[in-house]
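Contents: one structure, followed by commentary.
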Amino acid sequence: MENRFEYMRPGELKECVGQNPIAWIPYGTLEWHGRHLPTGLDALKAHKICLKASEKAGGVVLPPNFNSMKGTFFPWTFRYPASLTIRNLYTTLEFLHRYGFRVMIILTGHYPAEQIILFEACAQLFTAVHDSIAIAGPEFFFASEIGYFGDHAAKWETSIMMHLFPELIDGEELSKLGRFTESGLFFKGVFGENPATEASPELGKKAVDLIVDNMAELAGRLSIEKNKKAALDFHIDCLRGYFGNNTETAKRYLRIFSPNLSRNPTHL
Ligand SMILES: [Zn+2]
3 MENRFEYMRP
13 GELKECVGQN
23 PIAWIPYGTL
33 EWHGRHLPTG
43 LDALKAHKIC
53 LKASEKAGGV
63 VLPPNFNSMK
73 GTFFPWTFRY
83 PASLTIRNLY
93 TTLEFLHRYG
103 FRVMIILTGH
113 YPAEQIILFE
123 ACAQLFTAVH
133 DSIAIAGPEF
143 FFASEIGYFG
153 DHAAKWETSI
163 MMHLFPELID
173 GEELSKLGRF
183 TESGLFFKGV
193 FGENPATEAS
203 PELGKKAVDL
213 IVDNMAELAG
223 RLSIEKNKKA
233 ALDFHIDCLR
243 GYFGNNTETA
253 KRYLRIFSPN
263 LSRNPTHL
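Rendered as structure tokens:
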């Protein structure tokens, strides 16, 4: 059954809302993801994951939204003002509520700390003043049990793309990354473990299946329980997981990159 909002006619949307008023809202951005991956990766990834979760839990998936804040300073990257991104998200939530949706799941495949915090604050505010529940989080939050804490065009994102969009990967460019260390990869706009040696479609499938199962379970539970506190608990867990883990990641990155921080990646 069709579950993409933009492909559905009014009668189909009304029927879907009547059966299961869940809206899936995938966010990403346009951003350099190395030479081996497409710039739209974050939104394409979030959209495909939402489609799979919706097939399990029901509901309608909005089109991929590329309007995000922050991002790397590598070419082909767009960084919108935070105020614009948040206004866009909040307005989207208000329209969905007006049309009868009552559980909104916002999945951001682009996850600078500012975007995670503001999306969660936006979802909390919306939940507080509406007869609806909105939650927001990055996809890796749903797969932390297998050690996925997010990366950028490295082992995890490349694996996920190998599983979801193998046709969009340039294998030749990927294999060229094999000779770099993690700090060398940094200057190629690839942040994390080496994708040339560590990524695989099997790992991508494992991560995606887990994310989809956990998202579908949460959405199903929220739509039955209508428990607003569950949204708050989710956001607290998500922030604790993100920052708890990122303290270590930040320290590790600082150690690796501090001798090279003055170098400029614009030669890419
Ligand atoms: Zn990404």
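Position in the sequence shown (from 1) plus 2 gives the number in my numbering.
Just so it is clear, CB atoms sit at the ideal spot from N, CA and C, and this is done for glycine as well.
Through-space distance from residue j to residue i, alpha-carbon basis
i	j	result
Ala-198	Gln-21	45 Å
Thr-129	His-49	23 Å
Phe-188	Glu-204	25 Å
Asp-44	Gly-111	4 Å
Gly-61	Asp-153	29 Å
Phe-273	Ser-56	Any question about residue 273 goes unanswered here, given that the chain covers just 3 to 270.
Cys-2	Arg-89	Nothing about residue 2 can be read from this structure; the chain reaches only from 3 to 270.
Leu-212	Glu-175	28 Å
Arg-181	Asn-196	9 Å
Lys-16	Phe-7	11 Å
Lys-58	Pro-114	28 Å
Leu-95	Ile-108	10 Å
Met-217	Lys-54	10 Å
Ser-146	Tyr-9	33 Å
Met-3	Cys-18	10 Å
CA nearest to the CA of residue i, picked from the options
i	options	result
Glu-200	Trp-158, Leu-187, Asp-172, Lys-230	Trp-158
Ile-51	Glu-141, Glu-227, Leu-86	Glu-141
Asn-5	Thr-87, Pro-40, Pro-65	Pro-65
Thr-41	Val-214, Phe-76, His-165	Phe-76
His-38	Asp-172, Ile-238, Val-210	Asp-172
Leu-232	Ser-85, Ser-70, Val-105	Strictly speaking, residue 232 in this sequence is Ala, with Leu absent from that position. If we check each option's Cα against that of Ala-232, Val-105 comes out closest.
Tyr-29	Tyr-92, Pro-23, Trp-78	Tyr-92
Thr-79	Gly-36, Ile-135, Leu-234	Gly-36
Terminal residues of the beta strand (DSSP E) in which residue i lies
i	result
Val-105	105-110
Gly-139	135-140
Pro-315	The requested residue 315 is not part of the displayed model; the chain covers only 3 to 270.
Segment limits, alpha helix (DSSP H) that includes residue i
i	result
Gly-206	203-227
Trp-158	157-166
Asn-5	Neither: Asn-5 is in no alpha helix (DSSP H) and is coded neither H nor E.
Asn-90	84-100
Lys-178	173-178
Gly-20	12-21
Gly-191	No alpha helix (DSSP H) contains Gly-191, which DSSP labels as neither H nor E.
Lys-50	43-59
Distance between beta carbons of residue j and residue i, contact taken as under 8 Å
i	j	result
Trp-26	Val-63	4 Å
Met-71	Glu-116	6 Å
Gly-191	Ala-155	7 Å
_ligand 1 site residues, beta-carbon cut 7 Å against heavy atoms_ = Going down the chain, each residue whose beta-carbon is closer than 7 Å to a heavy atom of ligand 1 shows up: Glu-33, His-35, Leu-43, Asp-44, Gly-111, His-112, His-154, Ala-155, Glu-159.
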